[in-house]
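Below is one structure; the comments refer to it alone.
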Amino acid sequence: MRIVIAGAHGQVARRLGRLLSGRGDAVVGVIRNPDHAPDLESDGVQPVVLDLESTTVDELADVVRGADAVVFAAGAGPGSGEARKHTVDHAAAVLLADAAERAGVRPYVLVSSMGVERAREGTPQGVDPVMAVYLQAKLRAEDEILPREALATTILRPGGLTDEPGTGRVTLGHGIGYGSVPRDDVTAVVVALLDARRDGAVVELVSGDTPVAEAIAAVP
381 MRIVIAGAHG QVARRLGRLL SGRGDAVVGV IRNPDHAPDL ESDGVQPVVL DLESTTVDEL
441 ADVVRGADAV VFAAGAGPGS GEARKHTVDH AAAVLLADAA ERAGVRPYVL VSSMGVERAR
501 EGTPQGVDPV MAVYLQAKLR AEDEILPREA LATTILRPGG LTDEPGTGRV TLGHGIGYGS
561 VPRDDVTAVV VALLDARRDG AVVELVSGDT PVAEAIAAVP
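Quick note on the working numbering: the sequence shown kicks off at 381 and runs consecutively.
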């Protein structure tokens with residue numbers, strides 16, 4: 381496959397790029413900082429320098445055109461202010477959807493977050509204000525992208541991310557209890573979702589006892 385990853389220098393995204401390229405897929409990684417290009421090249425990923433906060437739909441569509449799927453794994457990061465939650469976690473995700481539509485690419489995997497539904501009614505009680513804005517931005521992106529009939533969007537909502545070694549066993553579904561999950565296992569689930577060529581789903585992800593392939597097969 382040819383896969384385009386937006387936010388390709390992130391921790392999950394780099395794992396994803398290495399895994400896909402290592403098995404022979406062509407991977408294109410969209411990054412903002414040109415200094416990160418050598419890292420992607422060492423992973424076997426073709427870097428494309430585009431700032432998702434300022435590029436145009438046409439420029440991004442030129443990158444996406446001919447891909448088998450796109451993955452949005454970008455994020456403003458924990459140290460960024462509220463404004464960038466909106467420009468990256470929401471607007472850049474929508475921009476990638478616009479570009480995929482324009483390029484005629486249907487499969488779209490959006491890496492979101494558990495807890496976004498708590499933000500549907502406003503600022504969740506007891507949540508850090510910046511985190512609340514992050515959840516609201518992710519939810520807004522989900523709500524704008526999922527209904528698009530030109531896309532086959534799968535939304536993956538992982539729990540708390542850890543750097544523990546992956547186990548290959550997860551809990552995947554709706555309304556599951558909050559928990560954590562290794563980034564390695566998030567990556568494995570994204571690859572399985574890409575391979576499954578699903579028509580779309582919204583699933584939450586934490587560590588569990590079910591092998592990834594079985595968990596994906598059980599998603600309605």
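Positions of the beta carbon are idealized from the N, C-alpha and C atoms, including for glycine.
Measuring alpha carbon to alpha carbon, tell me which residue in His466, His554, Ala393 is nearest Arg520. Nearest in C-alpha terms to Arg520, of all of His466, His554, Ala393, is His466.
By Cβ distance, which residues of its chain are closer than 6 Å to Gly409, with the 5 residues on each side in sequence left out? Excluding positions up to five away in sequence, the list reads Ile385, Ala388, Gly397, Leu420, Val425, Pro427.
At what residue ranges does the segment 480-538 contain a whole run of the beta strand (DSSP E), taking only runs of 3 or more? Correct list: 487-491, 532-538.
Just curious, the alpha helix (DSSP H) that Glu594 is in, first and last residue? Start and end: 592-597.
Mind checking whether Ala449 and Pro487 have CB atoms under 9 Å apart? Yes, Cβ-Cβ distance for Ala449 and Pro487 is below 9 Å.
Helix, strand or coil: which one does DSSP assign to Val550? Three-state result, Val550: strand.
How close, in whole Å, do the beta carbons of Val569 and Leu536 come, if the pair is a contact with beta carbons under 8 Å? Between Leu536 and Val569 the Cβ distance is about 6 Å, and since that is below 8 Å, they are a contact.
Assign Gly402 to one of three DSSP states: helix, strand, or coil. If DSSP states are grouped into helix, strand and coil, Gly402 belongs with the helices.
Could you name the residues of the same chain whose beta carbon sits closer than 6 Å to that of Leu552, not counting the 5 residues immediately before and after it, in chain order? Contacts found: Val583, Leu585, Ala595.
Of the choices Pro545, Leu573, Val571, His554, whose alpha-carbon is the least far from that of Val561? For Val561, the nearest C-alpha among the options comes from Pro545.
Pop quiz: Leu541 and Arg563 are said to be a contact at Cβ under 8 Å. What is the actual Cβ separation, rounded to whole angstroms? 5 Å between Cβ atoms; contact.
From Met494 to His470, what distance separates their C-alpha atoms? So the two alpha carbons sit approximately 15 Å from each other.
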